[in-house]
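The sequence shown begins at 21 in our numbering and counts up one residue at a time.
For reference, the structure is listed below as C-alpha cells.
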Amino acid sequence: MRFGTTFNAGGANSGSYLNPSYAALIEADCDIVVPENELKMPSLRPTEATFNFGPADAMLAYAESKGIAMRGHNLLWYRPDSYILPSWVINDKVLAGSDAAAARARAQQIVVDHITGVAAQYGDRIKSWDVVNEAVDPGTGAVRNNVLAQAVGGDTTLLDLAFRTARAKLPNAELVYNDYMDGGTPTHRTGVLDLLKGFKDRGVPVDTLGVQSHIGFYGLTGSDPINSAINYNISNMKPFLDAVVAMGYKIKVTEMDVNDVNVPGTNADRDAATAAFAKAWLDLILSYGNSVKDVLFWGMCDKYSWLQDSAFGSRSDGQPKRPDPYDANFQPKPMRQSIIDAFTATTKRS
Ligand code: XIL
C-alpha cells in the first residue's frame with residue numbers, strides 16, 4: 021500500500037515542495053505525489069506549438085530525489101468549463117467549423133499530439149496516468165459536452181483514442197479513468213459504470229478507476245446527521261465498487277478530502293466527523309484487497325486546500341474548512357490517525 025498527496029509548484033505559501041513546512045509533511049508521510057495543476061493541458065500547452073514542462077519537470081526531480089513516486093494528472097480533462105482546455109483549443113476555428121470531417125480529424129489530432137508530446141517527455145518516469153478525467157455528466161450520466169466532444173458528435177471517440185494513444189506511447193504505465201465517485205449521485209455512478217463497460221466491450225485499454233473521493237458533509241438531516249451522511253455514502257458506493265471490480269478494473273483513491281462545510285460545532289467536533297467519514301470510506305475501499313494499493317489525498321494541510329475557495333461553499337460561521345489530514349498549523353488531526361488505522365486494519369497486499 022502507498023499513501024500520497026497532491027502538491028504544486030506554487031512557492032513558499034502554498035501546498036508546494038518549495039514550502040519547507042509542506043515538503044516536510046510530504047517527506048514524512050508520502051510514498052507518492054501528484055501535481056495539482058502543472059500537468060494539466062492549459063498549464064502545459066500555452067500555445068499549440070509549446071510544451072511548458074518546466075514546473076512539472078522540477079516537481080518530478082524533487083520527488084525522485086526523495087525516492088517518492090510521482091503520478092500524472094491528467095492527459096484529457098473532459099469538461100466544458102473554460103479553464104479546462106487551453107484557449108487555443110477553445111477558440112479553434114476548425115473544431116467549431118462547418119466541415120464535420122475536418123473538425124473530427126482536428127479533435128483527434130489535438131488529443132494524439134498532446135499525449136504523444138507528454139509521453140515523450142516523461143516516458144517510464146511517470147508510471148500511472150489519469151488519462152481521462154471527469155468525462156461523465158453528473159446530471160445525465162452521458163459523456164460530457166465540450167468543444168472537442170462537439171467535433172466528434174459527443175460520443176466516446178476521443179476518450180477511447182486517448183487511452184489507445186497512451187497505451188501505445190506509454191506501454192508500461194497504469195492507465196486510469198478518473199472521476200468524482202463521492203457516493204452522492206446515482207445518475208453519475210450509472211454513467212460511469214456504462215462508460216467502464218463500454219471500454220471493456222470495445223477493448224479500450226483502461227486499467228483502473230480513479231475514485232477521486234472528494235467526500236463531504238453537505239445536506240445534514242435527522243437525529244444522527246453525521247452517521248446518516250456517512251452511511252448513505254458508503255451504502256451507495258459498495259454496490260458500485262463491487263460492479264467495477266467485477267468488470268476487472270483496479271481501483272485507486274486519487275484525490276481524497278472530506279469537506280466539513282456544513283458540520284456544526286467546535287474544531288474537535290468537526291475533526292471527529294471528518295475522521296469518522298475518512299475511516300468508513302477507506303475501510304470500504306481498502307476491503308477490495310489487491311484491487312487497491314494507492315490512496316492519495318488532494319492536499320495534506322487544511323491551509324492550502326482547494327476547498328477553501330468559496331466556490332465550493334462557505335461555512336455559516338465563516339471559519340475555514342478542515343478537509344485534510346493536517347490542520348492549518350501543520351499539526352496532525354484525527355483524520356491522519358483514521359488513515360493509519362485503515363491501512364493497519366487492511367489485509368496485506370501481494
Ligand atoms: C483543482 C485544483 O486543486 C485547483 O487548484 C484548480 O483551480 C482546479 O482544479 N478534480 C480534479 C482536480 O480532477 O484536477 C481538481 O483540482 C479538483 C477536482
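Built from N, CA and C at the ideal position, the CB exists for glycine as well.
Remember, it's a predicted structure, so these values are computed and weren't measured experimentally.
Unbroken alpha helix (DSSP H) run spanning residue i, endpoints
i	result
Y142	A120 to Y142
I359	P354 to A365
D221	P206 to D221
T26	That residue, T26, is in no alpha helix (DSSP H); its beta strand (DSSP E) goes R22 to F27.
V167	V167 to A171
P75	G74 to S85
K189	T177 to K189
Cβ-Cβ distance between residue i and residue j below 8 Å
i	j	result
S358	A298	yes
L168	L181	no
T26	G319	yes
V156	I130	no
R145	L80	yes
G333	V265	no
R91	V54	yes
Y346	L45	yes
T274	M355	no
Y197	G230	yes
A89	R126	no
L29	E58	First, the amino acid is wrong: residue 29 is Ala here, not Leu. Yes; because the gap between Cβ atoms is below 8 Å, this pair is in contact.
S148	A193	yes
Residue i Cβ short of 7 Å to the ligand XIL heavy atom set
i	result
N279	no
W326	yes
E275	yes
G339	Note on identity: in this sequence residue 339 is Gln, with Gly being the wrong assignment. Result no, Cβ not under 7 Å from the ligand XIL.
N153	yes
E58	no
H93	yes
H134	no
H234	yes
Neighbourhood of residue i by C-beta, 6 Å cutoff - its chain only, sequence neighbours within 5 removed
i	result
D303	A362
G242	S248
T207	G161
F366	Looking at the sequence provided, one finds Thr at residue 366 rather than Phe. Same-chain partners within the cutoff: L306.
A263	L213
Q141	F73
Residue interval of the beta strand (DSSP E) (run including residue i)
i	result
S107	Unbroken run through S107 is the alpha helix (DSSP H), S107 to I110; no beta strand (DSSP E).
G92	G92 to W97
D199	E194 to D199
V152	S148 to N153
Interface flag, residue i vs chain C, CB-CB below 8 Å
i	result
A155	The structure shown contains no chain C; it holds only a single protein chain.
Same chain only: Cβ atoms within 7 Å of residue i, ignoring 5 sequence neighbours per side
i	result
V224	D180, F183 and R184
K189	I135, T136 and A139
A32	L38 and N39
A43	Y37
D277	H234, F317, W318, G319, S325, L327, P343 and D344
I250	A296, F297 and A300
Same chain only: Cβ atoms within 8 Å of residue i, ignoring 5 sequence neighbours per side
i	result
G268	K220
L105	M61, P62, W97, N166, V167 and L168
N72	S63, L64, R65 and P66
G19	Nothing about residue 19 can be read from this structure; the chain reaches only from 21 to 370.
Residue i: CB within 7 Å of a non-hydrogen atom of the ligand ADP
i	result
W318	What this structure holds is the ligand XIL, not the ligand ADP.
Unbroken stretches of the beta strand (DSSP E), 3 residues or longer, contained in the region 231-311
Annotation note: the region 231-311 contains the following uninterrupted beta strand (DSSP E) runs of length 3 or greater, listed N- to C-terminal: 234-236 and 270-279.
Which residue spans inside the region 26-59 form an unbroken alpha helix (DSSP H) run of at least 4?
Fully enclosed alpha helix (DSSP H) runs of 4 or longer: 40-49.
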